[in-house]
């Protein structure tokens, strides 16, 4: 697994942890690297709906401009984000998920 792929996995796991632990609504402040990870994740999953379509465009714009972003996580998008990140992590080989748990 490349360093970038590992970063994407760590980003997805962190976001899942935040989705479970934080009271909604809350603001996520993502660096340009975080937006790059999100863009890679949203493009890697086989989960197509209006939300992912919009998020692909949103993240692609920020990757092109090289900027970070702020996103409000609320009751309207929390389930969609949770499903997106779990789909990404569940698509990884089981050894990757196991080794990530050992590192945590």
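Residue numbers (the UniProt record's numbering): 1 to 104.
For every residue, glycine included, the Cβ atom is placed at its ideal position computed from N, Cα and C.
Given the structure is predicted, the values throughout are model-derived calculations rather than measurements.
Classification of residue 70 by the beta-carbon crowding that lies within 10 angstroms, buried from 16 upward
exposed
Quick check: residue 165 and residue 82, are their CB atoms within less than 8 Å of each other?
Residue 165 is absent from the model: the chain starts at 1 and stops at 104.
Indicate the three-state DSSP secondary structure (helix, strand or coil) for residue 29 in the structure shown.
strand
So, using beta-carbon positions, are residue 19 and residue 73 closer together than 8 Å?
Contact: yes.
From 27, 43, 84, residue whose alpha carbon lies closest to that of residue 133:
Since the first residue shown for the chain is 1 and the last is 104, residue 133 is missing from the structure and cannot be characterised.
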